[in-house]
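Quick notes on the structure that follows.
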Amino acid sequence: MQREINPFVSKLRQHGIKVTALHNHWLFEKPRLMFIHFESIDHPLAFARKVRDALSVLTNQSVDP
Numbered sequence: 001m002q003r004e005i006n007p008f009v010s011k012l013r014q015h016g017i018k019v020t021a022l023h024n025h026w027l028f029e030k031p032r033l034m035f036i037h038f039e040s041i042d043h044p045l046a047f048a049r050k051v052r053d054a055l056s057v058l059t060n061q062s063v064d065p
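Residue numbering for the sequence shown follows full-length UniProt numbering, starting at 1 and increasing by one per position.
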């Protein structure tokens, strides 16, 4: 969901993960889909744990068409 972007990006940055892009591909789509590119030079398991923690801010809300 669009309102979850800032908390997710903030959590990534708290873990030292660099957010390299944030964009959408389509106009007028509902729900609004955003694409986030991020990277880090880290051990794979440490990186996965950090991303898992950032993903925890996302909700499981259902989206109506």
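Virtual Cβ for every residue (Gly too), placed ideally from N, Cα, C.
On a predicted model such as this, the values are computed, not experimentally measured, just so you know.
Handout entry: Inter-residue spacing [alpha-carbon to alpha-carbon] between Ser-56 and Val-19
Key = Locating residue 56 in the sequence shown gives position 56, where the first residue counts as 1. Locating residue 19 in the sequence shown gives position 19, where the first residue counts as 1. Their backbone Cα atoms lie some 17 angstroms apart in a straight line.
Practice task
Kindly give me the distance between the Cβ atoms of Phe-8 and Ala-54, rounded to whole angstroms, as I take these residues to be in contact under 8 angstroms.
Solution key: As a working note, residue 8 is residue 8 in the sequence shown. As a working note, residue 54 is residue 54 in the sequence shown. Between Phe-8 and Ala-54 the beta-carbon gap is near 6 angstroms, inside 8 angstroms, which marks them as a contact.
Practice task
Counting only runs of 3+ residues fully inside the segment 20-59, write out the beta strand (DSSP E) ranges in chain order.
Solution key: Taking only runs of at least 3 residues, the beta strand (DSSP E) segments lying wholly in the segment 20-59 are 35-39.
Exercise for the section: Output yes or no for whether 8 angstroms exceeds the beta carbon distance between Asn-24 and Arg-32. Expected result: Locating residue 24 in the sequence shown gives position 24, where the first residue counts as 1. Locating residue 32 in the sequence shown gives position 32, where the first residue counts as 1. Less than 8 angstroms divides the Cβ of Asn-24 from the Cβ of Arg-32.
Problem - Neighbourhood of Phe-38 by C-beta distance below 7 angstroms, restricted to the same chain and skipping five residues each side - result: For the purposes of this step, residue 38 is taken as the residue at position 38 of the sequence shown. Cβ within range, chain order: Leu-12, Ile-17, Lys-18, Val-19, Thr-20.
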